[in-house]
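For the sequence shown, my numbering gives the first residue as 1447, with consecutive numbering after it.
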Amino acid sequence: MFTAKDIEYRSVFVINCIENKALRVSNGALLLEDTEEKKTITKLPFQKILALFVIGHITITTPLIENCTRNGIPLVVMKPNFRPVFFFSVTAEANFLLRQKQHENDKNNLQIPKILVANKIQNQLRLLEKTRQKTDAIVRAKGQCAKSLLLIPDAADYEIVMGLEGRVAKSFFAAYFEQLDWKSRCPRTKIDPVNATLDIGYTILFNYVEAFVRLFGFDPYIGVYHRLWFKRKSLICDLMEPFRCLIDQQVRKAFNTKQCKADDFKLFKNEYVLKHEKSSEYTRMFYDVLIEQKSMVFKYVRDYYRCFMQQKSTANYPKFLIN
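Listed below in structure tokens is the structure:
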């Protein structure tokens, strides 16, 4: 397994292969080449790669997989619309003791889910406070956050925890994005540019967190809060919750500063779809934020792993608090 020092030494690489780009392995290094001009754009030593995210259409070769396996590098390939189509990582897949504990975990035990939800709400409250605004919506949302944080520890069943999270989310989005003509949060339906941008950010965050989770050998499909569902990586959905605030903050900032605009999208079949030429800008915007937090994400997952394996009390479980 990687250590914190490895995380500092290695880098997360995001490669845009949407137009005239190709990957090739040569002499123990990964080469990004321009297929049109037939020249090497950059050379990446495998020993310095922490995770490799590729956006676009590429050919995955045996040498690439072999080098990723040898150096413990998660490889994520996404379509131009950021939908993941391939995830490869065998870093700690043989950690059967961890997976055994995951399967034996009592699904009715709400202690860890309460920590995850409370951590998410704490960060939502922090974002609202950072606006320094006192509109009616923000005051109501802050009150809802504070009230829910008091109620979560005594929640008796799963539905109550979900209900508290849902009420906070509804009031949070309405308040935090009210200046952007916010209607409602509609995941994956892309009813407006802000919702579409949030979807892009959450998808990138999901893949980013999964790369770290797989470093320890977790079964990504066995969660503690999100229930088992066909093809849903419930554990990733769980562990990304405290980090959603990073995406929320970046989206609000980007639209307020005109870094993101409605003109960046086109309406296709009643959905707002990001224009092809804007893909690299949005990719960079989100990965810049996440890569800056790579040590925090690694330490969070590492500490969660240690607590889960050693069956520690919930007071010892990690929290991520946004600055």
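Using N, Cα and C, we set each Cβ at its ideal position, and we do this for glycine too. Being a predicted model, the structure only gives us computed values, none of them experimental.
First through last residue of the alpha helix (DSSP H) which encompasses K1745: For this step, residue 1745 is matched to residue 299 along the sequence shown. Taken as a continuous stretch (DSSP letters only), the alpha helix (DSSP H) holding K1745 covers K1740 to M1755.
Between the C-alpha atoms of M1755 and K1547, what's the straight-line distance to the nearest angstrom? Against the sequence shown, residue 1755 aligns to sequence position 309. Against the sequence shown, residue 1547 aligns to sequence position 101. Rounded to the nearest angstrom, the two C-alpha atoms are 7 Å apart.
If you reduce the DSSP assignment to three classes, tell me which class P1633 lands in. Locating residue 1633 in the sequence shown gives position 187, counting from the first residue. Looking at P1633 - three-state DSSP - the assignment turns out to be coil, as it is neither helix nor strand.
DSSP has V1614 in a bridge; who is on the other side? In the sequence shown, counting from the first residue as 1, residue 1614 sits at position 168. Answer is none; V1614 lacks a bridge partner.
Going by Cα to Cα distance, which pick from L1674, I1682 and W1675 is closest to F1664? Taking the first residue of the sequence shown as 1, we reach residue 1664 at position 218. Ranking the options by Cα distance to F1664, first place goes to I1682.
Would DSSP call A1602 helix, strand or coil? Taking the sequence shown and counting its residues from 1, the one referred to as residue 1602 is at position 156. DSSP places A1602 in coil when its eight states are reduced to three.
Endpoints, alpha helix (DSSP H) assigned at Y1455: As a working note, residue 1455 is residue 9 in the sequence shown. Here the alpha helix (DSSP H) through Y1455 covers A1450 to Y1455.
Under the rule that 16 or more other beta-carbon atoms within 10 Å means buried, what is I1646, buried or exposed? Reading the sequence shown from its first residue, position 200 is the one you call residue 1646. Buried: at least 16 other Cβ atoms inside 10 Å.
K1704 to D1638, Cα distance in whole Å? Translated into positions along the sequence shown, residue 1704 becomes position 258. Translated into positions along the sequence shown, residue 1638 becomes position 192. Distance between the alpha carbons of K1704 and D1638 is about 16 Å.
Around the Cβ of G1669, are there at least 16 other Cβ atoms within 10 angstroms (buried) or fewer (exposed)? Against the sequence shown, residue 1669 aligns to sequence position 223. Looking at its Cβ environment, which holds 16 or more other Cβ atoms inside 10 Å, G1669 is buried.
Which whole runs of the beta strand (DSSP E) in the region 1529-1554 are 3 residues long or more, in chain order? 1530-1534
Cβ-Cβ distance between T1729 and V1460 below 8 Å: On the sequence shown, residue 1729 is found 283 positions in, with the first residue counted as 1. On the sequence shown, residue 1460 is found 14 positions in, with the first residue counted as 1. Closer than 8 Å, so yes.
CA-to-CA distance, D1749 to D1599, given in whole angstroms: For the purposes of this step, residue 1599 is taken as residue 153 along the sequence shown, with counting starting at 1. For the purposes of this step, residue 1749 is taken as residue 303 along the sequence shown, with counting starting at 1. The residue you asked about is not Asp; residue 1599 is Pro in the sequence shown. So the alpha carbons of these two residues sit roughly 21 Å apart.
Please say whether I1567 and Y1763 have beta carbons closer to each other than 8 Å? On the sequence shown, residue 1763 is found 317 positions in, with the first residue counted as 1. On the sequence shown, residue 1567 is found 121 positions in, with the first residue counted as 1. No, the pair does not count as a contact, with Cβ atoms beyond the cut-off.
K1721, DSSP secondary structure in three states: For the purposes of this step, residue 1721 is taken as the residue at position 275 of the sequence shown. If DSSP states are grouped into helix, strand and coil, K1721 belongs with coil.
Proximal residues to V1531 (C-beta, below 7 Å), its chain only, five neighbours per side dropped: Residue 1531 sits at position 85 when you count from the first residue of the sequence shown. The residues are V1523, M1524 and K1525.
If contacts are defined as beta-carbon pairs under 8 Å, then T1649 and F1528 qualify, I think. What distance do you get, rounded to the angstrom? Against the sequence shown, residue 1649 aligns to sequence position 203. Against the sequence shown, residue 1528 aligns to sequence position 82. At roughly 5 Å, the Cβ-Cβ gap stays under 8 Å, so T1649 and F1528 are in contact.
Mapping the DSSP letters down to three states, classify K1566 as helix, strand or coil. Reading the sequence shown from its first residue, position 120 is the one you call residue 1566. If DSSP states are grouped into helix, strand and coil, K1566 belongs with the helices.
Beta-carbon separation (whole angstroms), V1719 vs K1636, contact threshold 8 Å: As a first step, residue 1719 is located in the sequence shown; it is residue number 273 there, counting from the start. As a first step, residue 1636 is located in the sequence shown; it is residue number 190 there, counting from the start. That belief holds up - the Cβ atoms of V1719 and K1636 are roughly 7 Å apart, short of 8 Å.
From the DSSP output, in three-state form, read off P1491 for me. In the sequence shown, counting from the first residue as 1, residue 1491 sits at position 45. Strand at P1491.
In or out: N1654 buried (at least 16 other Cβ within 10 Å) or exposed? To locate residue 1654, count along the sequence shown from 1; it is residue 208. Checking the sequence shown, residue 1654 turns out to be Tyr, not Asn. So Y1654 counts as buried.
Does H1549 pass the burial test, meaning 16 or more other C-beta atoms within 10 Å, or should it be called exposed? Along the sequence shown, read from residue 1 onward, the residue named residue 1549 stands at position 103. By the neighbour-count rule (16 or more Cβ atoms within 10 Å), H1549 is not buried but exposed.
State the DSSP-derived secondary structure class of D1480, mapped to helix, strand or coil. Translated into positions along the sequence shown, residue 1480 becomes position 34. Looking at D1480 - three-state DSSP - the assignment turns out to be strand.
DSSP state of I1464, grouped into three classes? Within the sequence shown, numbered from 1, the residue matching residue 1464 stands at position 18. Looking at I1464 - three-state DSSP - the assignment turns out to be coil, as it is neither helix nor strand.
Does the region 1611-1620 come within contact of the region 1484-1499, defined as at least 3 CB pairs closer than 8 Å? no
Hey, which unbroken runs of the beta strand (DSSP E) at 3 residues or more fall wholly within the region 1670-1702? none
With which residues is R1470 paired in a DSSP beta bridge? The residue you call residue 1470 lines up with position 24 of the sequence shown. L1477, per the DSSP bridge assignment.
Measure how close the beta-carbons of L1573 and Q1695 come, nearest whole angstrom, since I'm counting them as under 8 Å. The sequence position of residue 1573 within the sequence shown is 127, counting from 1. The sequence position of residue 1695 within the sequence shown is 249, counting from 1. Going by Cβ atoms, the distance from L1573 to Q1695 rounds to 6 Å, so yes, they are a contact pair.
Between the CA atoms of D1552 and H1722 - distance to the nearest angstrom: Your numbering for residue 1722 matches position 276 in the sequence shown. Your numbering for residue 1552 matches position 106 in the sequence shown. Their Cα atoms are separated by approximately 45 Å.
Please state whether the Cβ-Cβ distance between P1491 and A1475 is less than 8 Å. As a working mapping, residue 1491 is identified with position 45 in the sequence shown. As a working mapping, residue 1475 is identified with position 29 in the sequence shown. Yes, they are a contact pair.
By DSSP, does K1712 sit in helix, in strand, or in coil? The residue you call residue 1712 lines up with position 266 of the sequence shown. The answer is strand: DSSP assigns K1712 an E or B state.
Which residues bound the beta strand (DSSP E) around L1597? Within the sequence shown, the letter at position 151 stands for residue 1597. Here L1597 belongs to no beta strand (DSSP E); instead the alpha helix (DSSP H) covers D1582 to L1597.
With distances taken from CA atoms, which of L1556, A1587 and L1651 is nearest S1759? One-based indexing of the sequence shown puts residue 1759 at position 313. Closest option to S1759, Cα to Cα, is L1556.
With a CB to CB cut of under 7 Å and the five nearest residues on each side skipped, what residues in its chain are close to R1673? Working through the sequence shown from its first residue, we reach residue 1673 at position 227. Counting only Cβ-Cβ distances below 7 Å, and skipping sequence neighbours, we find S1680.
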